[in-house]
Every structure is written in C-alpha cells, then in structure tokens.
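**Student:** Numbering (UniProt numbering), first residue to last: 1 to 763. Quick one: the structure is below, questions incoming.
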C-alpha cells in the first residue's frame with residue numbers, strides 16, 4: 001500500500017474510531033441526584049425560562065449562548081475540494097469546532113445547510129440565530145458568500161464572520177504591516193499584486209486598503225489574467241479592484257512590484273518574475289499545500305525577499321488559527337452585536353505588535369530556536385504562542401466597546417487576561433509543543449520491542465510524522481510480517497541482536513561492556529551472553545553512538561528494564577539518584593508528578609534530589625516549576641517520620657536551593673487549591689500560586705496518583721520520563737498505549753537534543 005493510501009486510511013480511522021466525529025456535548029452541571037435532575041429540567045428549568053422571557057439578555061446569564069458559536073456551511077467551497085455538498089463538509093466543520101475549543105475554549109455546534117439558494121440559506125441562519133452568541137460562516141463559494149455575510153451582519157444582532165474571507169486577511173495584514181516596516185517602505189506607497197480574486201483575496205485587499213494601501217497601486221488577477229476596467233461583466237467585488245493600467249499577465253504586473261499576495265495556485269511565480277520585483281520584495285505565497293513559488297527557490301533567487309506561506313515547515317506561516325478563535329473570544333466576552341472593521345483592525349494590530357515582543361522560552365523551545373526575534377523570518381506570531389489568548393481577545397473586546405457594538409463592558413483588564421489564561425488550562429498544548437520541538441531536529445530512537453504490533457505502530461507514527469528516526473530491534477522476520485500488516489514500508493533500520501548479521505557488532509559491544517564491568521564481577525563470556533538480550537544491546541548502541549535514544553519496557557516489568565540501563569548507561573555526572581516523572585494533561589493545565597516509577601521510600605535528601613531533577617524536566621517543557629512536596633500532613637501538623645522526612649526535604653531545598661519555588665509538607669488539596677492555601681497558610685511560598693508540580697513522599701503514592709488521574713479523567717499522560725540518566729533512555733509502562741509511546745518517543749528525541757546541546761556547550 002502506498003504512503004498516500006496509508007495516510008488516507010489513517011485519516012478515515014481517526015474520524016471513525018473509537019466513535020464517529022471529533023466533538024461531543026458534555027454536561028457542565030451536576031446530575032447525580034434526583035434533586036440535580038429536577039433543577040436541570042422539570043420543574044426547576046421553568047425559572048430561568050421565565051427570566052429570559054422577561055429579558056432576552058438573560059439567555060447569556062442562564063444558558064450557554066454566550067460561549068456558543070455556530071460553524072455553518074452549505075458545502076459549496078470546501079477546502080480545495082470544491083462543491084461537495086453539506087454532508088461531505090461536516091468533518092471540516094467539526095474540525096473548525098475543535099480548533100475553536102482548543103485555542104479559545106469556545107463551544108461549537110456545526111450546522112450544515114442543504115441549500116445553494118442565498119435567501120433560503122440566510123433565512124435558515126436567521127431562524128436558528130437565537131441559539132448562538134456568534135456565527136462563523138465557512139466554505140461558502142463566492143460571490144454568494146459576500147451577500148450572505150453582508151445581509152446576516154445587517155439583520156442579526158450577534159457577531160457574524162466568514163472566516164474564509166477575513167481570517168487570512170487579518171493574519172496576512174498583520175504580517176504585511178511588519179514586513180513593510182522591515183523593508184523600510186510605506187503602506188501608502190507600496191505596489192501590490194494580488195493573485196486570486198476569491199473571497200479571501202477580496203477581503204485581504206480591502207483590509208490592506210484600510211491600513212493605507214492605495215487603490216491605484218493595487219493590481220488583482222483572476223484565472224483570466226489582470227482584472228482591467230475594460231473587461232466586461234465584472235462582479236461588484238472585482239470591479240472595485242480593476243485597474244486601468246496597460247497590464248495583462250502576472251509577468252507584466254510583477255515588474256517593480258513591492259508586494260505579491262498569492263491566494264491562487266501553486267508554482268505560478270517564476271524566478272524571473274521575482275527578480276523583476278522592486279528592492280526588498282515582500283512575497284506572501286499562501287496557496288496550500290504548495291505555494292505560488294517554492295520557499296527555498298524564492299530564498300535562493302532573492303536574498304532580500306521577505307516571505308510568508310501557508311505552510312508550517314517554513315517561517316511566517318499565515319494560519320487562520322491565529323485569528324478566528326481569539327476574535328470570537330473577544331466579541332463573545334463583551335456580547336458584541338457584530339464583528340466590525342474596528343475589531344478586525346484591532347486584531348491585526350495586536351498580532352503585529354505581539355511579533356515585536358520578546359518571545360517566551362516555551363515558544364523558542366517548541367520551534368527549536370535559540371531566540372526568535374522580530375525580523376524577516378519572524379513577522380507574525382507562531383500558532384503555539386500561549387500569549388495569543390491574552391493579547392488578541394482584549395484588543396478585540398476594547399475595539400468593540402470603543403466602536404459602540406459591545407453590550408457589556410470589561411473594566412478590570414488584568415482580571416480578564418487572567419481569566420483568559422485560565423481558560424486554556426484544559427488543552428493539550430504542551431503535547432503539541434513537545435511534538436513540534438522534536439520535529440525540528442529528529443534523532444535516532446531505538447524501539448527495543450519492535451516485534452510487538454503496538455510498538456511498531458508507534459514507530460510508524462514517529463517515522464511518518466517526522467518526530468524521530470526509528471531503529472527497530474527484535475526478531476527480523478516478525479517485524480517484517482507486522483510491517484506488511486500495517487503497511488509500514490519505509491526504509492528503516494531493523495536489527496536482530498541474536499542474528500548472525502549482528503555478530504561483529506555484538507562482539508564489539510560485549511568487549512566494551514566487559515571494559516566497563518570487568519572489575520564488577522562480569523566476565524567476557526557474561527558480556528557476550530548479555531549482549532544477545534535486546535535491552536543490553538540497545539543500551540550499548542546508545543553508549544557507542546550508534547543511536548541517540550532508547551525506548552523499552554512495553555512487554556517487560558519495569559525493574560527488569562531499569563537494571564541494564566543503570567548498569568550500562570549510568571547516571572549523569574553529579575547525579576546521585578535517578579527518578580521518573582509523569583506529565584498529566586489535566587483540565588487545569590499540565591501537572592508534573594514524581595517519583596512515579598523508581599524510588600520506593602526515598603529519604604529526605606533523596607526527595608530533595610528528586611525535586612531538583614523534576615524542576616529540570618518542567619523547565620525542559622518551557623515552564624517554570626511551582627512545586628508542592630506532598631504529605632498527609634500540613635506544615636508540621638504531624639511528627640510522624642513519614643511527614644518529617646518531607647519537612648526535612650523542604651528545609652534542605654530552602655537552604656541550598658532558594659531559587660526553587662517549592663514548599664511543603666502539604667496535603668494535595670491545599671497544594672492544588674491556591675485560594676484555600678492562601679487563606680489557611682498565607683506564609684507559604686506557594687500561597688496564591690498555581691502549583692504545576694507534585695513531589696510525592698513514596699513510590700506507591702506517586703504511582704497510584706498518576707494512574708488514578710489518568711484513568712478517572714481519561715487524560716493524556718507523558719511518561720515515565722527518566723531523570724538523571726547519562727544518556728536519553730526512557731522506560732515505558734507495561735502495556736503502554738500507542739499514543740503514550742509516541743509521546744515518549746518525542747520526549748526521548750527532545751532529551752537527546754538537550755544532551756547534545758549541553759555536550760557542545762562544554763567544548
């Protein structure tokens with residue numbers, strides 16, 4: 001099966017399993033008792049109904065209306081697939097709903113309307129509008145999309161936006177403002193060529209005009225060439241951008257142009273066209289997946305070009321997810337009656353300004369940069385930038401208030417920003433950041449149990465997604481059979497330590513191991529025998545530089561896998577105790593838990609060392625550790641040795657590592673409830689802080705806690721992450737899921753990146 005066929009099958013399985021679709025309705029109120037149900041429905045539900053009857057605005061108080069957006073389409077212009085119908089558009093609309101939720105915590109109903117009649121479509125949307133706080137129109141073909149949006153904005157009293165038009169316009173306008181500044185040019189002077197005349201192109205060009213671009217300096221092209229005033233039968237939208245200049249082709253238009261805006265098709269801009277542009281040209285080639293001119297070709301052709309594309313694998317990605325979630329968030333939060341030009345322009349300015357601010361280390365880490373700085377390769381924020389939620393919605397909300405379309409006001413802006421950041425605790429951003437970081441510099445990862453189907457599936461995903469370069473260990477014939485079963489036909493290295501083919505390598509590794517352990521009771525015969533065991537062989541591959549990282553433990557008990565790693569890999573310099581941590585993607589954000597796998601009953605000093613190691617892991621993920629040392633007691637309320645050791649560990653850390661934000665001993669509820677901690681123990685270093693790291697006093701408590709959290713809440717866990725090892729080796733939990741193994745592969749790659757960086761720094 002070809003790679004495309006496999007990708008197709010994976011996509012279909014993703015949308016179909018374990019249950020169809022990508023979004024669901026989840027209750028937000030208690031429903032366990034008869035009393036709860038009587039309040040949720042009859043008879044209690046009558047009371048809010050009567051309040052809303054008195055004043056329709058009360059719907060925002062008593063229902064989800066204020067956080068509910070409709071994503072509506074008739075399926076006439078879906079992605080690059082064209083007019084495929086409303087049912088076929090539903091997966092896209094669900095996907096848009098997912099993006100609304102994970103980026104801005106906005107709930108969505110996707111609605112597919114079976115009509116191409118403009119009046120019927122508008123009437124349908126108007127009839128269902130009372131349900132929603134906002135309307136996101138999606139994938140409706142032009143020119144009907146223009147009329148539908150215009151009339152709905154006029155006839156409804158809630159925000160309406162056609163994202164296909166305005167999303168790209170807002171993001172590209174922010175990028176253009178910054179690019180023009182970097183090129184030392186002026187919006188009023190730049191000559192702009194727009195390739196494409198659809199909804200997005202028209203909206204982009206209108207917004208550029210709002211920021212100072214002059215109509216006489218703009219040339220727009222459609223499939224027939226330059227849109228000229230002497231062309232008959234032009235639509236109203238095209239007529240606005242028709243030129244009276246004697247130009248016919250894209251080649252004509254590009255001469256001496258300052259800016260090229262591509263919203264058309266791939267590879268229509270030649271190197272000669274690019275060379276004909278003015279000095280310091282700005283090229284936004286946004287056709288997807290392949291731009292109007294290849295990024296590398298453009299960079300090779302003109303060293304002075306400032307370029308953006310729609311792709312994530314090049315700098316300056318024009319991605320609508322930078323806009324629509326945050327624009328609707330701001331509009332909903334002031335109950336705006338519409339999304340007007342002032343709000344869109346405020347979003348543009350906020351995005352442009354954000355690109356000039358110092359970039360958080362979390363973002364630098366995710367994109368593998370030493371330091372992202374405002375410049376030709378960074379003119380718009382990255383989609384994973386956590387500041388977007390706190391920067392764009394307030395700007396949009398302020399613009400709504402100042403332009404008179406807000407029905408409520410925000411007075412405490414700091415509180416509002418804090419609330420916005422709190423909303424985003426529920427998404428899996430940390431996992432996406434981890435994957436992005438791994439992809440920036442993939443490393444060779446050994447999958448030591450690759451003759452197990454799930455392990456091989458994980459290796460396949462790691463390979464396909466570019467997270468790492470798998471090396472498959474196990475019985476070659478079994479691995480080959482399983483690869484054929486799952487259509488994993490990539491050219492990856494397969495190693496069977498027991499085969500004759502690996503005899504020379506086995507001898508080499510055995511000799512090296514004998515050198516390490518000859519004075520610790522190991523004979524050369526013992527070394528040769530042990531090298532036939534996959535975990536010993538794999539560890540030696542990492543030691544000898546034949547691989548960068550190692551994953552094992554899927555099919556074997558944790559202690560049996562730890563032993564060879566400690567014997568062969570050993571602890572990092574200056575480390576006296578190894579430990580393991582898990583990252584839990586909870587609805588309050590990531591929580592780091594230690595020690596989940598290794599130390600059964602650590603001493604006070606051991607606990608302090610575990611806390612130090614865990615702080616390093618938290619920083620590895622781009623976060624600042626806020627650590628609670630847990631116990632059944634609070635600050636000396638018990639003098640039992642188990643409580644005292646936690647207290648002693650905290651004292652040690654406060655004395656020798658005052659820079660760490662850590663305190664205890666604390667019960668877990670006080671650690672996680674910052675208001676309760678502030679009220680009861682205001683002297684604590686953690687009072688009023690949001691704890692993100694929990695250090696447990698024993699293995700049984702830590703291991704039980706992370707597994708309970710994982711199973712009861714059905715959330716992602718990354719780990720166990722081995723801490724304190726000399727090389728990047730990580731041991732999976734017995735029977736880990738495919739997803740967990742993929743996550744751990746990304747951890748192993750990032751670990752290898754960091755160790756490589758540290759090694760270079762020492763030279």
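Virtual Cβ for every residue (Gly too), placed ideally from N, Cα, C. Note that the coordinates shown come from a computational prediction; the quantities given were computed from them, not determined experimentally.
Note down the Cα distance separating residue 691 from residue 670, rounded to an integer number of angstroms.
**Tutor:** Computed Cα separation, rounded: 10 Å.
**Student:** Return the chain-ordered list of same chain residues with a C-beta closer than 6 Å to the C-beta of residue 601, the five sequence neighbours on each side being excluded.
**Tutor:** Only 698 meet the Cβ criterion.
**Student:** Do residue 438 and residue 749 come within 7 Å of each other at the CB atom, strictly closer than that value?
**Tutor:** Yes, they are a contact pair.
**Student:** Rounding to the nearest angstrom, what Cα-Cα distance links residue 427 and residue 256 in this structure?
**Tutor:** At residue 427 the pLDDT is 46, less than 50, meaning the model places this residue with poor confidence and gives no usable figure here.
**Student:** Using CA atoms only, rank isn't needed, just tell me which of 496, 259 and 478 is closest to residue 194.
**Tutor:** With distances taken between Cα atoms, residue 194 lies closest to 259.
**Student:** Are the region 477-488 and the region 507-519 touching by the rule of at least three beta carbon pairs closer than 8 Å?
**Tutor:** The region 477-488 vs the region 507-519: no contact.
**Student:** Flag this pair as touching only if the region 341-361 and the region 164-175 have three or more C-beta atom pairs under 8 Å; answer yes or no.
**Tutor:** Flag = yes, the region 341-361 and the region 164-175 touch.
**Student:** Within 10 Å of its beta-carbon, does residue 621 have 16 or more other beta-carbons around it, so buried, or fewer, so exposed?
**Tutor:** By the neighbour-count rule (16 or more Cβ atoms within 10 Å), residue 621 is buried.
**Student:** Exposed or buried, which one is residue 696 when buried takes at least 16 other CB atoms within 10 Å?
**Tutor:** Buried is the call here.
**Student:** Is residue 451 near residue 474, with beta carbons less than 7 Å apart?
**Tutor:** Result yes, Cβ atoms of residue 451 and residue 474 sit closer than 7 Å.
**Student:** Check residue 427 in the structure and name its three-state DSSP category.
**Tutor:** Low local confidence applies: a pLDDT of 46 at residue 427 is under 50, so the model's placement there is unreliable, with the coordinate-based value given in what follows. Coil at residue 427, not helix or strand.
**Student:** For the region 569-576 against the region 589-603, are there 3 or more C-beta pairs whose distance is under 8 Å?
**Tutor:** Flag = no, the region 569-576 and the region 589-603 do not touch.
**Student:** If you draw a straight line from the C-alpha of residue 201 to the C-alpha of residue 165, how long is it?
**Tutor:** Their backbone Cα atoms lie some 7 Å apart in a straight line.
**Student:** By a C-beta neighbour count over all protein chains shown, 10 Å radius and 16 as the cutoff for buried, is residue 88 buried or exposed?
**Tutor:** Under this definition residue 88 is an exposed residue.
**Student:** To the nearest angstrom, how far is the alpha carbon of residue 417 from that of residue 391?
**Tutor:** Residue 417 and residue 391: Cα-Cα distance of roughly 8 Å.
**Student:** So what does DSSP say about residue 698, is it helix, strand or coil?
**Tutor:** Here residue 698 sits in coil by DSSP.
**Student:** Determine whether the beta carbon atoms of residue 133 and residue 65 lie at a separation below 7 Å.
**Tutor:** Cβ atoms of residue 133 and residue 65: closer than 7 Å.
**Student:** Are the beta-carbon atoms of residue 665 and residue 680 separated by less than 7 Å?
**Tutor:** No.
**Student:** Comparing C-alpha positions only, which one of 516, 739 and 136 sits nearest to residue 328?
**Tutor:** Nearest option by C-alpha distance: 136.
**Student:** Output needed for residue 264: all residues of its chain with C-beta closer than 7 Å, excluding positions within five of it in sequence on either side, in chain order.
**Tutor:** 195, 196, 287 and 292.
**Student:** Grouping DSSP H, G and I as helix and E and B as strand, with all else coil, what is residue 502?
**Tutor:** Helix.
**Student:** Whole-angstrom Cβ separation of residue 95 and residue 108, contact assumed at under 8 Å?
**Tutor:** The pair is not a contact, with the Cβ atoms about 10 Å apart (cut-off 8 Å).
**Student:** Do the CB positions of residue 399 and residue 374 come within less than 7 Å of each other?
**Tutor:** Taking 7 Å as the Cβ cut-off, residue 399 and residue 374 do not qualify as a contacting pair.
**Student:** According to DSSP, residue 768 sits in a beta bridge with which residue or residues?
**Tutor:** Residue coverage of the chain in this structure runs from 1 to 763, which leaves residue 768 outside it and unanswerable.
**Student:** Looking at the strands, I want to know which residues DSSP matches up with residue 285.
**Tutor:** Looking at the DSSP assignment, residue 285 forms a beta bridge with 262 and 309.
**Student:** If contact is defined by three or more beta carbon pairs under 8 Å, each pair taking one atom from either stretch, is the region 446-463 in contact with the region 734-753?
**Tutor:** Segments in contact, yes.
**Student:** Using the rule of at least 16 other Cβ atoms within 10 Å of the residue's Cβ for burial, across every protein chain shown, is residue 41 buried or exposed?
**Tutor:** Exposed.
**Student:** Output the distance between the C-alpha atoms of residue 310 and residue 522, rounded to the nearest integer angstrom.
**Tutor:** Cα to Cα, the separation comes out at about 58 Å.
**Student:** Using only the alpha-carbon positions, how far apart do residue 539 and residue 746 sit?
**Tutor:** So the two alpha carbons sit approximately 18 Å from each other.
**Student:** Going by beta carbon distance, what residues of the same chain come within less than 7 Å of residue 722, once the five residues before and after it are set aside?
**Tutor:** Same-chain partners within the cutoff: 578, 580, 729, 730 and 731.
**Student:** Is the Cβ-Cβ distance between residue 611 and residue 627 less than 7 Å?
**Tutor:** Contact flag set, yes.
**Student:** So, with DSSP's three-state summary, where would you put residue 732?
**Tutor:** It is coil, neither helix nor strand.
**Student:** Determine which residues share a DSSP beta bridge with residue 663 and list them.
**Tutor:** For residue 663, which the question treats as bridged, DSSP gives the partners 628.
**Student:** Does the structure place the region 324-338 close enough to the region 146-162 that three or more beta carbon pairs sit under 8 Å?
**Tutor:** A contact exists between the region 146-162 and the region 324-338.
**Student:** Starting from the N-terminal side, write out each stretch of the alpha helix (DSSP H) that is 4 residues or longer and does not extend beyond the UniProt domain "Malic enzyme N-terminal" (20-153).
**Tutor:** You should have 34-40, 46-54, 59-62, 86-104 and 118-128.
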